[in-house]
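K.L.:
In our numbering, the protein residues as written are 2 to 330.
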């Protein structure tokens, strides 16, 4: 970990848990029939602001786009699907654009590592560090430089949004085979816990992954090295956003197992950043459920969908909006 990153991590202040609990109790006494997640969101916002009253939330949905394992045998479409979806978002015609618009949040598409280029549009930032990550069983997913470039792109983005007055950020992802990377990183994060759960069809896959990770001596004791070996640039950039947002006391909502993998790895780098995270949705998908378990979250919204593409973060921001109204009442 370089000196600049160490300085950033050391500057992330834990939230005053006693103060947050006091805010929660005050809100509960007044709005006891309200969904507890909304009350907790309001208490978190008050604790982050260091003020009794906040201005209305300024929100953004960040969609991180990258294709994964482009040199693996499963790459049969070569980025065509992700390019088409990215262009729909870039044109403002996707479901995520409509949902974000309804809650007054802007959508920013960040191109970190797509295999095929997309046409430039307003609302798209070209932060590409590579044309898709490599298949980790054949070679490192990224070089150290590529991983650090993506990580710092995320950090710089969080700082820029803070300077523009944003209070809350929602994470989403787009890219082919990203769930495979999420599975690998989550397996690396909680090796022993996987052995205690029945993952039905994915059980054999998890067992095989455990063996491969042990053979390659991949461990979260060195999270940046693990990220370089089995991660991807979009996940690295999300980690950077989480760290940068926590440093600036901004709230971050996250979505599916891919964004959840970024949350796990960010916590490996700095445990205090967990306090700045907020989620309300649990997907009916084994890796996401495992992440919620190990993170200690119990989201009150359940969905059968596997890939929200940021929709879960929109719901998270809408809950924070409801929390904001309690704060301002």
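C-beta: ideal position from N, C-alpha, C; glycine also.
What is the DSSP secondary structure of residue 127, counted as helix, strand or coil?
P.N.:
It is a strand residue.
K.L.:
Using a threshold of 7 Å, is the CB atom of residue 21 nearer than that to any non-hydrogen atom of the ligand ADP?
P.N.:
Here there are no bound small molecules, and the ligand ADP is not part of this structure.
K.L.:
Can you round the beta-carbon distance between residue 325 and residue 57 to whole angstroms, since I take them to be within the 8 Å contact cut?
P.N.:
7 Å between Cβ atoms; contact.
K.L.:
Measure the CB-CB distance between residue 243 and residue 269 and report whether it falls below 8 Å.
P.N.:
No, the pair does not count as a contact, with Cβ atoms beyond the cut-off.
K.L.:
Could you have a look at residue 279 and say whether DSSP puts it in helix, strand or coil?
P.N.:
Strand, per DSSP.
K.L.:
Buried or exposed, going by whether 16 or more other CB atoms sit within 10 Å of the CB of residue 127?
P.N.:
By the 10 Å Cβ count, residue 127 comes out exposed.
K.L.:
Which first and last residues belong to the beta strand (DSSP E) in which residue 264 is found?
P.N.:
It is not in any beta strand (DSSP E) - residue 264 instead sits in the alpha helix (DSSP H) that spans 258-270.
K.L.:
Within its chain, find whatever has a CB closer than 7 Å to the CB of residue 314; leave out the 5 residues flanking it on each side and keep chain order.
P.N.:
Around residue 314: 62, 171, 172, 173, 254, 255, 256.
K.L.:
So is residue 147 buried or exposed if we call it buried at 16+ other beta carbons inside 10 Å?
P.N.:
With 16 or more other Cβ atoms within 10 Å, it is buried.
K.L.:
Taking only three categories from DSSP, how would you classify residue 304?
P.N.:
Reduced to three states, the DSSP call for residue 304 is strand.
K.L.:
Could you work out which residue in 105, 144, 228, 302 is closest to residue 264 when comparing CA atoms only?
P.N.:
If we check each option's Cα against that of residue 264, 228 comes out closest.
K.L.:
Could you say which of 327, 303, 280, 297 lies nearest to residue 317 if we only look at CA atoms?
P.N.:
The residue with the shortest Cα to Cα distance from residue 317 is 280.
K.L.:
Which same chain residues, not among the five before or five after residue 162, have their C-beta less than 7 Å away from its C-beta?
P.N.:
Counting only Cβ-Cβ distances below 7 Å, and skipping sequence neighbours, we find 61, 170.
K.L.:
When the Cα atoms are used, what is the spatial distance from residue 17 to residue 276?
P.N.:
Those two C-alpha atoms are separated by around 10 Å.
K.L.:
Looking at C-alpha atoms only, which residue of 66, 184, 93 is the closest neighbour of residue 118?
P.N.:
Nearest option by C-alpha distance: 66.
K.L.:
Using the C-alpha atoms, what's the distance from residue 131 back to residue 188?
P.N.:
If you take the alpha carbons of residue 188 and residue 131, they lie about 25 Å apart.
K.L.:
Hey, how far is the Cα of residue 299 from the Cα of residue 91?
P.N.:
C-alpha separation (whole angstroms): 33 Å.
K.L.:
State the DSSP-derived secondary structure class of residue 252, mapped to helix, strand or coil.
P.N.:
Strand.
K.L.:
Nearest to residue 83 by alpha carbon, out of 105, 104, 113?
P.N.:
Ranking 105, 104, 113 by Cα distance to residue 83 puts 113 first.
K.L.:
Per the DSSP calculation, residue 34 is bridged to which residue(s)?
P.N.:
BP columns for residue 34 are empty, so no partner.
K.L.:
Closer than 7 Å by C-beta to residue 141: which residues in its own chain qualify, once you throw out the five before and the five after it? Chain order, please.
P.N.:
The answer, listed in chain order, is 135, 229, 230.
K.L.:
On a CA-only basis, which of 6, 12, 3, 34 is nearest residue 250? Give me that one, please.
P.N.:
Comparing Cα positions, the closest option is 12.
K.L.:
How far does the beta strand (DSSP E) with residue 60 in it reach, from first residue to last?
P.N.:
60-67 is the span of the beta strand (DSSP E), which, as asked, contains residue 60.
K.L.:
Residue 137 to residue 70, Cα distance in whole Å?
P.N.:
In a straight line, the C-alpha of residue 137 is about 7 Å away from that of residue 70.
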